[in-house]
Amino acid sequence: QVQLVESGGGLVQPGGSLRLSCVASGSGFGLYTMNWYRQAPGKERELVAALTPIGVANYADSVKGRFAISRDNDKKMVYLRMDSLKPEDTAVYLCNVNRGRGYVYWGQGTQVTVSS
Numbered sequence: 024q025v026q027l028v029e030s031g032g033g034l035v036q037p038g039g040s041l042r043l044s045c046v047a048s049g050s051g052f053g054l055y056t057m058n059w060y061r062q063a064p065g066k067e068r069e070l071v072a073a074l075t076p077i078g079v080a081n082y083a084d085s086v087k088g089r090f091a092i093s094r095d096n097d098k099k100m101v102y103l104r105m106d107s108l109k110p111e112d113t114a115v116y117l118c119n120v121n122r123g124r125g126y127v128y129w130g131q132g133t134q135v136t137v138s139s
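Per our numbering, the sequence shown runs over residues 24 to 139.
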């Protein structure tokens, strides 16, 4: 069983920065790609960033150059550094891992609000 717990969200002004954190429980953290999704009201859930076990990162076009995903396998942590935040980045941000065979895990999410 895997549990994911996010933290670090909040209210920030446009142009500001936040760092989200996600801590995982259970074994095998270092074997799987970790993902950050977001969901804004009335919109579909969107994959924001993904990071493979060997450190290959992929980003949604809307966040390239502004967001950076990283991980610490020893601490079972994955981070999302968000810079130059825009109002359209406002959403609930969720940590995710898909271990295959239907084993997909989600955190409860952390709210990010970008507003002046």
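No residue lacks a Cβ here, since even glycine has one placed at the ideal position from N, Cα and C.
Return the CA-CA distance between residue i and residue j, expressed in angstroms with no decimal places.
i: residue 51; j: residue 127; result: 14 Å
i: residue 39; j: residue 78; result: 26 Å
i: residue 108; j: residue 76; result: 27 Å
i: residue 86; j: residue 43; result: 14 Å
Looking at C-alpha atoms only, which residue of the options is the closest neighbour of residue i?
i: residue 57; options: 102, 84 and 86; result: 102
i: residue 97; options: 53, 49 and 41; result: 53
i: residue 143; options: 36, 76, 71 and 85; result: No answer is possible for residue 143: it lies beyond the span of the chain, which begins at 24 and ends at 139.
i: residue 41; options: 104, 122, 121 and 120; result: 104
So, for residue i: in the same chain, excluding its five sequence neighbours on each side, which residues have a beta-carbon less than 7 Å away from its beta-carbon?
i: residue 130; result: 27, 28, 29, 45, 117 and 118
i: residue 110; result: 37, 137 and 138
Our contact map puts residue i next to residue j with C-beta atoms below 8 Å; I'd like the distance itself, whole angstroms only.
i: residue 55; j: residue 68; result: Wrong, their Cβ atoms sit about 19 Å apart, outside the cutoff.
i: residue 113; j: residue 133; result: Incorrect: roughly 12 Å between the Cβ atoms, too far for contact.
i: residue 106; j: residue 89; result: 5 Å
Can you find the residues in the same chain that come closer than 6 Å, C-beta to C-beta, to residue i, ignoring five residues on each side of it along the sequence?
i: residue 74; result: 57, 80, 92 and 94
i: residue 34; result: 136
i: residue 142; result: Absent from the structure is residue 142, since the part of the chain shown begins at 24 and ends at 139.
For residue i, collect the residues of the same chain with a Cβ closer than 8 Å to its Cβ; drop the 5 residues on either side in sequence, then sort them by chain order.
i: residue 83; result: 69, 70, 71 and 72
i: residue 24; result: 48 and 49
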